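Numbering (my numbering), first residue to last: 1 to 216. Comments concern the structure below.
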């Protein structure tokens, strides 16, 4: 299964509908390709905070489209323009372009084709224009992964420390620490020895009595 790479540069829009009564319009665009289960993709631009109703993005996006699907008339590229707001974003308008209209004069275009389409509000009324450019890239074999714009980094951080050798997992497990405390000394209750002392004193007195009696 082969894929074709489609690059879309969302350039700008002019005279859009103002959805804020006081604040400026901070517009961004959500670009999606729909109409085929294997081609459904969606990406978005950055938010323009200075152009008001005529924003400028110059934001490149890249999609991977199945080669067989590019020859069908079911795929549609949708540009959904929204306004960034604190209390919830709001739709400004949309542009729907059949993918068949973006076929270049050659199989692999070398230059970007610039086009302009009418922006329509939710009610269907035309309000404003959208400017973008596109270019078809070379075919990609099925063994290659489809390329999208700004892929996330996968893998360990370049600043992470290497794990120590000799362990099947990143770091050695913590070793338990044992602390041995000596047992408290046996404390035997002290017995009251007054009876032994009394017998000892009486025995001494008795012996002295015998000695005195013998002298007389």
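Ideal placement from N, C-alpha and C gives every residue a C-beta, glycine not left out. Keep in mind it's a predicted model, so treat the numbers as computed, not measured.
Under the assumption that residue 82 contacts residue 30 (Cβ atoms under 8 angstroms), give the Cβ distance between them as a whole number of angstroms.
In this structure residue 82 is in contact with residue 30, their Cβ atoms being roughly 7 angstroms apart against a cut-off of 8 angstroms.
Among all the DSSP beta bridges, which residues are the ones paired with residue 11?
When DSSP reads this structure, residue 11 sits in no beta bridge, so it has no partner.
For residue 85, is the classification buried or exposed, using 16 other Cβ atoms within 10 angstroms of its Cβ as the cut-off for buried?
Counting every other CB atom within 10 Å of its CB across the protein chains shown gives residue 85 a total below 16, marking it as exposed.
Nearest-angstrom Cα separation, counted from residue 19 out to residue 9
A direct Cα-to-Cα measurement between residue 9 and residue 19 gives close to 25 angstroms.
Is the beta carbon of residue 93 sitting closer than 8 angstroms to the one on residue 119?
In this structure, residue 119 lies closer than 8 angstroms to residue 93 by Cβ.
Between the alpha carbons of residue 26 and residue 47, how many angstroms are there, rounded?
Straight-line spacing of the CA atoms in residue 26 and residue 47 works out to 6 angstroms.
Could you compute how far the alpha carbon of residue 49 sits from the alpha carbon of residue 3?
Approximately 36 angstroms, taken between the alpha carbons.
Rounding to the nearest angstrom, what Cα-Cα distance links residue 133 and residue 24 in this structure?
Residue 133 and residue 24: Cα-Cα distance of roughly 26 angstroms.
Extent of the continuous alpha helix (DSSP H) run through residue 67:
Where residue 67 is concerned, the enclosing alpha helix (DSSP H) starts and stops at 67-70.
Identify, in the order they occur along the chain, each residue of the same chain with its Cβ nearer than 6 angstroms to the Cβ of residue 73, setting aside the five sequence neighbours on each side.
Excluding sequence neighbours, residue 73 sits near 100.
Which residues in the same chain have their Cβ closer than 7 angstroms to the Cβ of residue 14, if we skip the five residues on either side of it in sequence?
Contacts found: 54, 128 and 129.
Below 8 angstroms on the Cβ atoms is my contact criterion, and I expect residue 63 with residue 6 to pass it. Report the Cβ-Cβ distance as a whole number of Å.
With 8 angstroms as the limit, residue 63 and residue 6 qualify as a contact, their Cβ atoms being about 5 angstroms apart.
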